[in-house]
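Colleague: Here it is, the structure, as C-alpha cells.
In the numbering used here, the protein residues as written are 244 to 543.
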C-alpha cells in the first residue's frame, strides 16, 4: 500500500507519551522517529496500518532475548495510529554503504557481517519465525557498547514476518500470503514460483544483500527483471559462473547455499563453516567496530 506522507511530518509532536524529536526513516509501513520521554530515548515506529503493526510487535515479543533483534519496549494505538517503541540503535547498512566513498564494505567487514547475520537468522528460525524481508535497509548497527567501539548487527522490521512453525515444531498449515511477496526486487525464485517463503529463503535474501554490499552494481540486474531472475537462479545452480569479481571471494558461501535444497531446514553449521572458509586470514567471529573518520562512519 502507498505511504501516507503525513506520517513523515510528525517531528515535534507528542504521541503515546513520547516527544518525536527527529525522523529516522520512512517506507510503506509508515515512519520511524527518535523519541524522548523524560530521560528515556527510544525509536518509535508510527504506522496507520493495523495489520503490519500487530504482526510486528507480536513477532518481536516471540523473539525477545535474541541479541540481534531490537528490544521491544512498548506498543500502543488510538485506533488511527499504531506505534511500536523499541531500542534506539545506529544506522542501517544501506545508509553506511551509501556514505562510504567506495559504496561497498571491505571483505573483512563483510566476512564478519555474514557470520553474525546467519547466526541471527538461525536463532530467529529456531523460534519458528521467518523474516521474509531481508535487505540492507532492514539491518542496523547497534550503538557502540564499549570504549573500542565494538558493535553488533540487528535485523529489524518484522512487519512482513510470519510464524511458520508452532512451539512443538509442527508446520503451521494456514492460508499464507506469500503471493504478496512474489516478484519483488529481492524475492527468491522459490517464492516467485508460488512456493511458501521458508527459512532458506531468508538466507538467500541475505546473499543478495551481501552481493550488493560487496560493490555489485549491474545496471541490467537493477532494471531488467528477466536478467535479474536469471542471475538469481544461476546463483544457486552454478554460482561460480555468475558471481561478479567483487564477490568471487564468497564462492564457498554461495556454493553452500546452492547445496542446501531443504527450504525448511537449512544446514546452518555447514553455511557458517563455509563463511569461515571464504577468508581464512580474517576471524569472522571477531566483533565489528564503528569508527567516525572525516564525518563518515565506517564499519570494519
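Note that the Cβ used here is the ideal one computed from N, Cα and C, for glycine as well. Source: prediction; values computed, not measured.
Based on DSSP bridge pairs, tell me the residues matched to residue 288.
Modeller: Here residue 288 is taken as the residue at index 45 of the chain shown, counted from 1. Looking at the DSSP assignment, residue 288 forms a beta bridge with 275, 327.
Colleague: Along the chain, where does the beta strand (DSSP E) containing residue 309 start, and where does it finish?
Modeller: In the chain shown, counting from the first residue as 1, residue 309 sits at position 66. From DSSP, residue 309 is part of no beta strand (DSSP E); its letter is neither H nor E.
Colleague: Can you name the start and end residues of the alpha helix (DSSP H) that residue 407 belongs to?
Modeller: Reading the chain shown from its first residue, position 164 is the one you call residue 407. Premise fails: residue 407 is in no alpha helix (DSSP H) and is neither H nor E.
Colleague: Let's test the definition: count the other Cβ atoms within 10 Å of the Cβ of residue 428 and tell me whether it reaches 16, buried, or not, exposed.
Modeller: By one-based count along the chain shown, residue 428 stands at place 185. Looking at its Cβ environment, which holds fewer than 16 other Cβ atoms inside 10 Å, residue 428 is exposed.
Colleague: Excluding five sequence neighbours on each side, which residues of the same chain lie with their C-beta closer than 6 Å to the C-beta of residue 517?
Modeller: For the purposes of this step, residue 517 is identified with residue 274 of the chain shown, where counting begins at 1. Answer for residue 517: 495, 496, 499, listed in chain order.
Colleague: Grab the span of the alpha helix (DSSP H) containing residue 320 for me, first residue to last.
Modeller: The residue labelled residue 320 in the question sits at position 77 within the chain shown. Looking at the DSSP string, residue 320 is not in any alpha helix (DSSP H); the run it does join, the beta strand (DSSP E), is 315-320.
Colleague: How about residue 452 and residue 378: are their beta carbons less than 8 Å apart?
Modeller: In the chain shown, residue 452 corresponds to position 209, counting from 1. In the chain shown, residue 378 corresponds to position 135, counting from 1. Taking 8 Å as the Cβ cut-off, residue 452 and residue 378 qualify as a contacting pair.
Colleague: Could you tell me the alpha carbon to alpha carbon distance between residue 280 and residue 258, rounded to whole angstroms?
Modeller: The residue you call residue 280 lines up with position 37 of the chain shown. The residue you call residue 258 lines up with position 15 of the chain shown. Each residue's Cα considered, the two are about 10 Å apart.
Colleague: Short check: CB of residue 409 to CB of residue 371, under 8 Å?
Modeller: Here residue 409 is taken as the residue at index 166 of the chain shown, counted from 1. Here residue 371 is taken as the residue at index 128 of the chain shown, counted from 1. Yes, Cβ-Cβ distance for residue 409 and residue 371 is below 8 Å.
Colleague: When burial is assigned at 16 or more other CB atoms within 10 Å of the CB, is residue 356 buried or exposed?
Modeller: In the chain shown, the residue the question calls residue 356 occupies position 113. Counting Cβ neighbours within 10 Å, residue 356 comes out buried, since at least 16 surround it.
Colleague: Alpha carbon to alpha carbon, how far is residue 244 from residue 273?
Modeller: As a working mapping, residue 244 is identified with position 1 in the chain shown. As a working mapping, residue 273 is identified with position 30 in the chain shown. Below a pLDDT of 50, predicted positions are generally treated as unreliable, and residue 244, at 47, falls in that range; no measurement from the model is reported.
Colleague: Cα-Cα, which of 535, 289, 311 is closest to residue 399?
Modeller: Locating residue 399 in the chain shown gives position 156, counting from the first residue. Taking only the C-alpha atoms, the option nearest residue 399 is 311.
Colleague: Nearest to residue 384 by CA position, among 485, 514, 443, 336, is which residue?
Modeller: Translated into the one-based positions of the chain shown, residue 384 becomes position 141. Closest by alpha carbon: 336.
Colleague: In the structure shown, what three-state DSSP assignment does residue 485 receive?
Modeller: For this step, residue 485 is matched to residue 242 along the chain shown. Three-state result, residue 485: coil.
Colleague: Does the segment 281-295 touch the segment 324-342, meaning 3 or more C-beta pairs lie closer than 8 Å?
Modeller: Yes: at least three Cβ pairs fall under 8 Å.
Colleague: By the three-class DSSP mapping on this structure, what secondary structure does residue 374 have?
Modeller: For this step, residue 374 is matched to residue 131 along the chain shown. Residue state, collapsed to three classes: coil.
Colleague: Comparing C-alpha positions only, which one of 443, 424, 435 sits nearest to residue 199?
Modeller: Within the shown structure, residues of the chain are numbered from 244 to 543, placing residue 199 beyond reach of any answer.
Colleague: Roughly how many whole angstroms lie between the Cα atoms of residue 277 and residue 483?
Modeller: Here residue 277 refers to the residue found at position 34 of the chain shown. Here residue 483 refers to the residue found at position 240 of the chain shown. So the two alpha carbons sit approximately 43 Å from each other.
Colleague: State the Cα-Cα distance for the pair residue 540 and residue 394, rounded to the nearest angstrom.
Modeller: Indexing the chain shown from 1 puts residue 540 at position 297. Indexing the chain shown from 1 puts residue 394 at position 151. Near 13 Å, if we compare the C-alpha coordinates of residue 394 and residue 540.
Colleague: Does the distance from the CB of residue 534 to the CB of residue 392 come in under 8 Å?
Modeller: Reading the chain shown from its first residue, position 291 is the one you call residue 534. Reading the chain shown from its first residue, position 149 is the one you call residue 392. Result yes, Cβ atoms of residue 534 and residue 392 sit closer than 8 Å.
Colleague: For a test of the three-state rule: what should DSSP assign to residue 244, helix, strand or coil?
Modeller: For this step, residue 244 is matched to residue 1 along the chain shown. A caution first: residue 244 carries a pLDDT of 47, below 50, which makes its placement in the model unreliable, though a value can still be read off. Reduced to three states, the DSSP call for residue 244 is coil.
Colleague: Please work out which residues of its chain come closer than 8 Å, Cβ to Cβ, to residue 343, disregarding the five sequence neighbours upstream and downstream, and give them in chain order.
Modeller: Within the chain shown, residue 343 is the residue found at index 100, counting from 1. The answer, listed in chain order, is 539, 541.
Colleague: Counting only the same chain and skipping the five closest in sequence on each side, list residues whose C-beta sits under 6 Å from that of residue 368.
Modeller: Taking the first residue of the chain shown as position 1, residue 368 is located at position 125. Cβ within range, chain order: 442.
Colleague: Following the continuous beta strand (DSSP E) through residue 389, name the residue where it begins and the one where it ends.
Modeller: Residue mapping note: residue 389 aligns to position 146 of the chain shown, counting from 1. Element bounds for residue 389: n/a, residue is neither H nor E.
Colleague: Secondary structure at residue 302, three-state DSSP: helix, strand or coil?
Modeller: Position 59 of the chain shown holds residue 302. Of the three classes helix, strand and coil, the one that applies to residue 302 here is helix, per DSSP.
Colleague: In the DSSP output, which residue or residues are listed as bridge partners for residue 539?
Modeller: Counted from its first residue, the chain shown places residue 539 at position 296. Answer is 536, bridged to residue 539.
Colleague: Applying the 10 Å Cβ sphere with the 16-neighbour rule, what's the burial state of residue 524?
Modeller: The residue given as residue 524 occupies position 281 in the chain shown. Exposed: under 16 other Cβ atoms inside 10 Å.
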